[in-house]
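Per the working numbering, the sequence shown starts with residue 241, numbered consecutively. This report concerns only the one structure given below.
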Amino acid sequence: MSTRTDAPTRREQILREAARLFAERGFHGVGVDEIGAAVGISGPGLYRHFPGKDAMLAELLVGISERLLDGGRTRAAGAAGDPGAVLASLIDGHIDFALDDRALITLHDRELERLRDDDRKRVRRLQREYVELWVGVVRELYPEPSEGEVRAAVHAVFGLLNSTPHLGGGAGRAVTEGVLRRLAHGAFGALGA
């Protein structure tokens, strides 16, 4: 989702590899030594960057929730006044996330409950704000359905887009992106039918 072109920091490298390993083998199936080896430092060297695995998990899950919400707000502001353009931009942004951050989707599904209460509540709050951003835009486009129907449609589209970790191989990114975009727009379009 990021548009940065410079090299990732050591901290970002650690988080990327931790997300990948946690998604592959589960939070408890990965030790700090393995994460360190994946980025070329000793396991204990990770403690210069993070107090422990729990802090990595929290930063990953809180961080992606913050980035999604911030990105959604930026996209909405960039297409202000045109709810169709805002929705298209939100869909494109979420597709980028779903294709680029599959490990984080898996991690969220499996490990959210391992977060400390404060961090888990923060993730949930950020997610609710993200959902409400979408609900507001979709209701502008489709004012007839109830708020509950629109909210259900938003969650259904998230489920569709966040299914990317389970997609089989074969289709390239551009094809997958196009399919997801058409399906998301079609799902919302059904609200007007």
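We put the beta carbon where it would ideally sit given N, CA and C, even for glycine.
Any idea what DSSP makes of glutamate 384, helix, strand or coil?
Within the sequence shown, the letter at position 144 stands for residue 384. Three-state DSSP puts glutamate 384 in coil, outside helix and strand.
Can you name the start and end residues of the alpha helix (DSSP H) that glycine 285 belongs to?
As a working note, residue 285 is residue 45 in the sequence shown. Segment: none, glycine 285 is in no alpha helix (DSSP H) and carries neither H nor E.
What span of residues does the alpha helix (DSSP H) with threonine 346 cover, start to end?
Along the sequence shown, read from residue 1 onward, the residue named residue 346 stands at position 106. Here the alpha helix (DSSP H) through threonine 346 covers 342-351.
Between the CA atoms of alanine 325 and arginine 307 - distance to the nearest angstrom
To locate residue 307, count along the sequence shown from 1; it is residue 67. To locate residue 325, count along the sequence shown from 1; it is residue 85. Straight through space, the alpha carbons of alanine 325 and arginine 307 are spaced by roughly 20 Å.
Proximity of leucine 309 and valine 378 at Cβ, strictly below 8 Å
Against the sequence shown, residue 309 aligns to sequence position 69. Against the sequence shown, residue 378 aligns to sequence position 138. For leucine 309 and valine 378, no; Cβs fall outside 8 Å.
Look up alanine 430 in the DSSP assignment and say whether it is helix, strand or coil.
Locating residue 430 in the sequence shown gives position 190, counting from the first residue. In this structure, alanine 430 counts as helix in the three-state DSSP scheme.
Report yes or no: do three or more beta-carbon pairs, one from the region 281-296 and one from the region 331-351, lie closer than 8 Å?
No contact exists between the region 281-296 and the region 331-351.
What is the rounded straight-line gap between the Cα of glycine 408 and the Cα of histidine 268?
Looking up residue 408 in the sequence shown gives position 168. Looking up residue 268 in the sequence shown gives position 28. About 26 Å.
Indicate the three-state DSSP secondary structure (helix, strand or coil) for serine 305 in the structure shown.
Walking along the sequence shown from the start, residue 305 turns up at place 65. Looking at serine 305 - three-state DSSP - the assignment turns out to be helix.
Have a look at Val390, Arg315 and Glu351 and flag the residue whose alpha-carbon is nearest the alpha-carbon of histidine 334.
As a first step, residue 334 must be located in the sequence shown, where it is residue number 94. Ranking Val390, Arg315 and Glu351 by Cα distance to histidine 334 puts Arg315 first.
Which residues in the same chain have their Cβ closer than 8 Å to the Cβ of leucine 330, if we skip the five residues on either side of it in sequence?
Here residue 330 corresponds to residue number 90 of the sequence shown, with the count starting at 1. Around leucine 330: Gly312, Arg315, Ala316, Leu373, Trp374 and Val377.
Hey, out of Glu264, Phe290, Leu300 and Ala430, whose CA is closest to arginine 362's CA?
Translated into the one-based positions of the sequence shown, residue 362 becomes position 122. Arginine 362 has its Cα closest to that of Leu300, out of Glu264, Phe290, Leu300 and Ala430.
Going by the beta-carbon positions, is the gap between alanine 393 and alanine 424 smaller than 8 Å?
Along the sequence shown, read from residue 1 onward, the residue named residue 393 stands at position 153. Along the sequence shown, read from residue 1 onward, the residue named residue 424 stands at position 184. Not in contact: alanine 393 and alanine 424 (Cβ atoms no closer than 8 Å).
State yes or no: is the beta carbon of leucine 261 nearer than 8 Å to at least one beta carbon in chain B?
Among the chains in the structure shown there is no chain B, since it carries only a single protein chain.
Where glycine 418 sits in the DSSP three-state scheme
By 1-based counting over the sequence shown, the position of residue 418 is 178. Glycine 418 falls in the helix class under three-state DSSP.
Compute the Euclidean distance between the alpha carbons of methionine 241 and aspartate 340, then round it to the nearest angstrom.
Taking the first residue of the sequence shown as 1, we reach residue 241 at position 1. Taking the first residue of the sequence shown as 1, we reach residue 340 at position 100. No answer about methionine 241 holds up, because its pLDDT of 45 lies below 50 and its placement is not dependable.
Suppose contacts are defined by Cβ-Cβ distances below 8 Å. Is isoleucine 275 in contact with leucine 297 by that definition?
Within the sequence shown, residue 275 is the residue found at index 35, counting from 1. Within the sequence shown, residue 297 is the residue found at index 57, counting from 1. Contact flag unset, no.
Exposed or buried, what is alanine 433 when buried is set at 16 or more other beta-carbons lying within 10 Å of its beta-carbon?
Counting from 1 along the sequence shown, the entry for residue 433 is found at position 193. It is exposed - the Cβ of alanine 433 has fewer than 16 other Cβ atoms within 10 Å.
Can you give the beta carbon distance from isoleucine 254 to valine 279, rounded, assuming they're within the 8 Å contact cut?
Taking the sequence shown and counting its residues from 1, one reaches residue 254 at position 14. Taking the sequence shown and counting its residues from 1, one reaches residue 279 at position 39. Right, the Cβ-Cβ distance comes to about 5 Å (below 8 Å), so this counts as a contact.
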